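Enquirer: A single structure is presented below for examination.
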Amino acid sequence: MQFDQLLQYTLSGLSTGAIYALIGIGFSIIYNATGIINFAQGEFVMLGGLLTLSSLELLKLPLWAAIPCSVAFSTLVGILFERLAIRPLKQPTPINLVIITIGGSILIRGLAMLVWGKDTHAIPPFSGDTPIAVGGATILPQHLWILAITVVIIIINKIYFYHTISGKAMRACAYNRRAAGLVGIDVRRMVLFSFIISSAMGAVAGIIVAPLTMTAYDVGVMLGLKGFCAAIIGGMSSGISTVIGGLILGVLESLGAGLISSGYKDAIAFIILLLILFIRPQGLFGKADSERV
Amino acid sequence: MLEVSGITQIFGGVTALNAVSFSIRKGDITGVIGPNGAGKTTLFNIITGIYTQTAGTVSLEGKDVTGLTPDKLARRAMVRTFQNIELFGAMTVLENVMVGMHTKSSSGLLACALKMPWSIAEERRIRAGALKWLEFTGILDLAEQTAGSLPFGKGRLLEIARALAVEPRIILMDEPAAGLNSQETLGLATLITRIRDLDITVVLVEHDMELVMDICDRIVVLNLGTKLAEGTPREIQESPEVIAAYLGDDD
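Each protein sequence line maps, in turn, to chains A and B.
The numbers in my numbering rise by one with no breaks, and the one at position 139 of the first sequence is 141.
The numbers in my numbering rise by one with no breaks, and the one at position 147 of the second sequence is 210.
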């Protein structure tokens, strides 16, 4: 095994891992605000990619305009989903909500299949596809975009949650919903906010990864599960632990695929998921009740 | 200020409260007392929108607020504290109070996204306001500690500070002296009268009779879900019904 090869696997693993991290944070934000696992999270990743495609091809928008347009539409779907499927529930027990999100995910995926068909689609990379040499390995400009955009989003996220009053209110809901209501926080509005943020982040993840992996109506399933896995490793935190969770997952997957066999790529993710759930259900870095946001 | 009329609460076959009515005057400290199981906490939970009563109405400053959720009531300047303090354990003491000022903030999600710098400026203003409430309750030196690590007595003060940050006109406290030592209880008594001096109406459920008799302007006595008596501390102390309910009736 050569060092160059290891470096190559690690670098591409990091960029896939960044995608998992973004999706995982989307899971955590909704989980912390509502206590539910939103299994439709992956569908926003799919929508991000496919809506960008449509904005490019049907609306003839340039890429820089197609991306915000796609994020806005995906977010709108997120808002509708919360309004129509989550909020009207009379008895919002976690199990009901989880099943609703699974139903919502199947619905969104089905509609996407009708709109975009079953084909795999490609989105052009943001700035060409001339490989860049790093040490003995090469990476694509798109890998750098992924890493940079992920870092920016995580920083914005951090500023929102820790340095704005609205973000603090959202964290307050995560820690103690009852007390949050008592100090005048409209918890249901915060739930809506959490869906807005998560669907937007999911869409961004779907857009930045699409030039590398292509996109189709059903990419949300696997990406969603990998993102979920990252969130579990990170103990459902929407902070740095989920980012690290995503990166670990991405790198292990990439090394596993390269060194053992690419057939085991997905199996590796789920073995890690199961191990974490068996051995450290509070997450890799969590104390028994760690900070979750 | 606060008008409670005909509140009845039936849990299964048990009548926890039976047509309880009373009114609370603006600017008073009112104590709600009664033996265990009298329905005091149930009454509080109804007034503050945590339970929905079987019958009866609650009105706040002349407006019917029956059935409003706690966050709506907080926006109408009514807040409460809990017997088992409810804090945002993983946030700092300062952040807990800042969240209390959330209703005074105009920066929603969109505003945050569009004008991040402005939001941060507002956050600075709110931080200053929150520090003021920490100073008022005497826990300013703990501002940067995690709320979950506070000893119980300080946690209670923090809960009060956070409630005050909502800028209420009426505050309901459920057994504020429970779990406090005598020194802390004395401090609490002073704090409650200082809260009243801010022109905030105070209602408390309390078992510590000395505290109640010392600071309350009026007292409402509940027993087995009905109102037994209402009056000044002196009247209550001399009321034969109250004495019978507390000490047992010989007859």
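Beta carbons are placed, not taken as given, at the ideal position from N, Cα and C, and that holds for glycine.
Note that the structure is a prediction, hence the values are computed from the model and not measured.
Give a yes or no on whether the minimum CB-CB distance between ILE102(A) and chain B is below 8 Å.
Expert: no
Enquirer: With which residues is GLN72(B) paired in a DSSP beta bridge?
Expert: Under DSSP, GLN72(B) shares a beta bridge with LEU80(B).
Enquirer: Tell me the rounded alpha-carbon separation between CYS71(A) and LEU214(A).
Expert: 20 Å
Enquirer: For chain A, is any of its Cβ atoms less than 8 Å away from the one on GLU66(B)?
Expert: no
Enquirer: Can you grab the Cα-Cα spacing for the pair PRO303(B) / THR132(B), in whole Å?
Expert: 38 Å
Enquirer: Name the DSSP beta bridge partners of ILE233(B), please?
Expert: MET141(B) and THR264(B)
Enquirer: On the three-state DSSP scale, how would you describe GLU66(B)?
Expert: strand
Enquirer: For ILE87(B), which of helix, strand or coil comes out of DSSP?
Expert: strand
Enquirer: Would you call the CB atoms of ILE189(B) and MET154(B) closer than 8 Å?
Expert: Taking C-beta atoms as the reference points, ILE189(B) and MET154(B) fail to come closer than 8 Å.
Enquirer: Counting only runs of 4+ residues fully inside the stretch 172 to 228 of chain A, write out the alpha helix (DSSP H) ranges in chain order.
Expert: 179 to 184 and 189 to 215
Enquirer: If you draw a straight line from the C-alpha of ILE148(B) to the C-alpha of LYS217(B), how long is it?
Expert: 10 Å
Enquirer: Please list the terminal residues of the continuous beta strand (DSSP E) segment that includes ARG281(B).
Expert: 281 to 286
Enquirer: Just reading off the alpha helix (DSSP H) that ILE240(A) is part of, what are its end residues?
Expert: One point to set straight first is that residue 240(A) is Ser, not Ile, in the sequence displayed. From DSSP, SER240(A) is part of no alpha helix (DSSP H); its letter is neither H nor E.
Enquirer: For HIS123(A), which residues does DSSP report across the bridge?
Expert: THR217(A)
Enquirer: Apart from the five residues on each side of it in sequence, which residues of its chain come closer than 6 Å, Cβ to Cβ, to SER196(A)?
Expert: ILE31, ILE32 and ALA35
Enquirer: Starting from THR289(B), follow its DSSP beta bridges and name the residues at the other end.
Expert: ASN286(B)
Enquirer: Quick one: give me the first and last residue of the alpha helix (DSSP H) that GLY112(A) is part of.
Expert: Unbroken alpha helix (DSSP H) run through GLY112(A): 96 to 118.
Enquirer: Within 7 Å: the Cβ of PHE75(A) and any heavy atom of the ligand FMN?
Expert: The ligand FMN is absent from the structure shown, which contains no ligands of any kind.
Enquirer: For ALA233(A), return the contacting residues in chain B, with the cut-off set at a CB-CB distance below 8 Å.
Expert: Result: empty, since nearest Cβ-Cβ is about 18 Å, beyond 8 Å.
Enquirer: With DSSP collapsed to three states, give me the class of ALA139(A).
Expert: Strand.
Enquirer: Give the list of continuous alpha helix (DSSP H) stretches no shorter than 4 residues that lie fully inside the stretch 94 to 120 of chain B.
Expert: 103 to 110
Enquirer: Where does GLY186(A) land, buried or exposed, given buried means 16+ other C-beta within 10 angstroms?
Expert: Buried.
Enquirer: Going by CA-CA distance only, name the one from TYR114(B), SER122(B), LEU251(B) and GLU124(B) that's closest to ASP271(B).
Expert: It is LEU251(B).
Enquirer: Flag ILE242(A) as yes if its beta-carbon sits less than 8 Å from any beta-carbon of chain B, otherwise no.
Expert: no
Enquirer: Only counting the same chain, and skipping five residues up and downstream in sequence, which positions put a Cβ closer than 8 Å to that of LEU279(A)?
Expert: Excluding residues within five positions, the ones whose Cβ falls inside 8 Å are ILE234.
Enquirer: For GLY130(A), which residues in the same chain have their Cβ closer than 7 Å to its Cβ, ignoring the five residues on either side in sequence?
Expert: The answer, listed in chain order, is PRO143.
Enquirer: Quick check: what's the CA-CA separation for ILE306(B) versus GLN146(B)?
Expert: Between ILE306(B) and GLN146(B), the C-alpha separation is close to 25 Å.
Enquirer: Does ILE223(B) get closer than 8 Å to chain A when you measure Cβ to Cβ?
Expert: no
Enquirer: Let's see if you can read the secondary structure: which residues bound the alpha helix (DSSP H) around VAL275(B)?
Expert: 272 to 278
Enquirer: Going along the chain, which residues of its own chain have a beta-carbon closer than 7 Å to the beta-carbon of CYS279(B), five neighbours each way excluded?
Expert: Closer than 7 Å at the Cβ level, and outside the excluded window around CYS279(B), lie ILE92, THR93, GLY94 and PRO296.
Enquirer: Measure from the C-beta of VAL153(A) to each C-beta in chain B and report whether the shortest distance is under 8 Å.
Expert: no
Enquirer: Who are the near neighbours of ALA174(A) in its chain, counting only those whose CB is closer than 8 Å to its CB and skipping five residues on each side?
Expert: In the same chain as ALA174(A), and ignoring 5 residues on each side of it, the C-beta atoms closer than 8 Å to its own belong to ALA181, ALA182, VAL185 and ILE187, in chain order.
Enquirer: Measure the CB-CB distance between GLU124(B) and MET161(B) and report whether it falls below 8 Å.
Expert: no
Enquirer: I'd like the list of long-range same chain contacts for ALA87(A), defined as Cβ closer than 6 Å, with 5 residues on each side in sequence excluded.
Expert: Same-chain partners within the cutoff: ILE102 and GLY106.
Enquirer: Buried or exposed: which applies to GLN127(B), given that a residue is buried once 16 or more other Cβ atoms fall within 10 Å of its Cβ?
Expert: The sequence as given places Asp at residue 127(B); Gln does not occur at that position. Label assigned to ASP127(B): exposed.
Enquirer: For LEU149(A), which of ILE125(A), PRO283(A) and LEU24(A) has the nearest alpha-carbon?
Expert: LEU24(A)
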